[in-house]
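Going by full-length UniProt numbering, 105 is the number at position 105 of the sequence shown; the sequence numbering is gapless. Using N, Cα and C, we set each Cβ at its ideal position, and we do this for glycine too.
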Amino acid sequence: MTNRTILLAGAAALALGHATAVSAETKTLYVGMNGGNFERTYTQAVFPDFEKANDVKIVVVPGTSSDILAKATAAKDKPQMHVMFLDDGVMVRAVGAGLCEKLKPSPELDEILPNARLKGDMAAGVDLGMTGLAYNKKLFDENGWAAPTSWMDLADPKFQGKVVFQSAAASSFGLHAFLMFNRIQGGSEDNVEPGFEKFRDTIGKNVIEFIPNSSKISEMVQTGEAAIFPLTPTSVATLKDKGIPVEYAQPKEGSVVLMVAECVIAGNSEPELAQKLAAYLLSAEAQSNALAAGNIVPSNPKAKARTPEAEKKLEVFHGYMKTAVTLDWDVINAKRPEWNSRWNKTIEQ
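In structure tokens, the structure reads:
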């Protein structure tokens, strides 16, 4: 072997060693979040900038809020995820179970809306939403029906066999709708007797199917099975973008605030990097990207809509927020196991 060959071989080995070292330095963060639009939006439009700036790979662990909470709970002693996104009510449970560590002070955290900071900054909202009513525009037009205006429209006899209702035991949408019905009947989060006593003979009579989540709604609208159902403006916008004939209606009694929040998982293997990601996801830049790519409504007021159409949607949404109702999640979470059992036995039996 010549000296030149030896030198070239040594240089190649050095280069390979350097490449391996660089590769070894690339860390992976696992983020639990809802699949579908959320996963697609963040994977395509939000995470890449952070990955590039921090030499990190972000892997989404998809699932419903209940799924993600169950995974985090099972791995509490040795967390497999670093950050998780949960619906606000489920996030309150996660914080209470000690699954989250407090978010570090940051300019981004200070920028978000005050009501998006949860439980002493143990979690923070990344997406503001609300559950109201949605309806099949094509079906309504064909029958000459006026757009819904009240939660009690779900009990209108003309919708018999045409109401799709998410399970209150499995879905935030279904729980929100049930609790608003309960309020209209004179109940509260502390007293759900009116709701349980009257649901089956009112809204329940109209329900064609109780669904565990909203994934079937698109199909049921297109087949004409679904006329009216609880849903968020964001979900309606996503369906409309796919050509599904749906519209959102704000109930006169108010919609229900539904915020998706993030928290850094306590005891995770990359606490500093996880906190850095959490702060970035609250930034105007990240939330502007999420709004543009997936109709994710920002909790940071500095986030901007990038088209006049998007700006108009944001203005309409802010109008809905003026009458939105915030539920008492501490009471709900304390009683929900009992409610779930009762719902399954008496409503969905």
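CB contact flag (residue i, residue j, <8 Å)
| i | j | result |
| --- | --- | --- |
| Leu327 | Glu101 | no |
| Glu348 | Ser167 | yes |
| Ala84 | Ile68 | The amino acid occupying residue 84 in the given sequence is Met; Ala does not appear at that position. Yes. |
| Thr232 | Thr131 | yes |
| Asn213 | Thr64 | yes |
| Tyr320 | Ala134 | no |
| Pro230 | Gly174 | yes |
| Gln275 | Lys104 | yes |
| Ser299 | Leu128 | yes |
| Tyr42 | Ala290 | yes |
| Ile112 | Val164 | no |
| Leu239 | Lys27 | no |
| Phe199 | Phe181 | yes |
Among the options, nearest to residue i - alpha-carbon criterion
| i | options | result |
| --- | --- | --- |
| Ala97 | Ala278, Pro114, Glu108 and Ala72 | Ala72 |
| Glu39 | Pro79, Thr26 and Leu86 | Leu86 |
| Lys312 | Val325, Asn295, Ala324 and Ser299 | Asn295 |
| Met152 | Asn206, Met122 and Val257 | Asn206 |
| Gly29 | Phe50, Asp201, Asn37 and Gln44 | The sequence given here places Leu at residue 29; Gly does not occur at that position. Per the Cα distances, Phe50. |
| Leu258 | Pro48, Ala177, Phe140 and Ile217 | Ala177 |
| residue 354 | Ala305, Glu338, Lys322 and Tyr280 | Outside the displayed span of the chain (1 to 349) sits residue 354, for which this structure offers no information. |
Buried versus exposed, by CB contacts within 10 Å (16 or more), residue i
| i | result |
| --- | --- |
| Gly89 | buried |
| Asn143 | exposed |
| Thr346 | exposed |
| Ser255 | buried |
| Ala21 | Below a pLDDT of 50, predicted positions are generally treated as unreliable, and Ala21, at 43, falls in that range; no measurement from the model is reported. |
| Val316 | exposed |
| Ser235 | buried |
| Lys162 | buried |
| Ile265 | buried |
| Trp343 | buried |
| Arg117 | buried |
| Glu309 | exposed |
Closer than 8 Å to chain B by CB, residue i
| i | result |
| --- | --- |
| Gly129 | In the structure shown, chain B cannot be found, because there is only a single protein chain. |
Residues that DSSP places opposite residue i in a beta bridge
| i | result |
| --- | --- |
| Met180 | Met180 is not bridged to any residue. |
| Glu101 | Val264 |
| Phe165 | Phe210 |
| Arg117 | Ala124 |
**Prompt:** Considering only residues of the stretch 188-269, which uninterrupted alpha helix (DSSP H) runs meet the minimum length of 4 residues and lie entirely inside it, listed in chain order?
**Reply:** 193-199, 203-206, 217-222 and 233-241
**Asked** Quick one: complete alpha helix (DSSP H) runs, 4+ long, within the stretch 18-96?
**Response** 37-41, 47-54, 65-74 and 88-96
**Asked** Curious, which full-length alpha helix (DSSP H) runs of at least 4 residues does the stretch 304-345 contain?
**Response** 308-321
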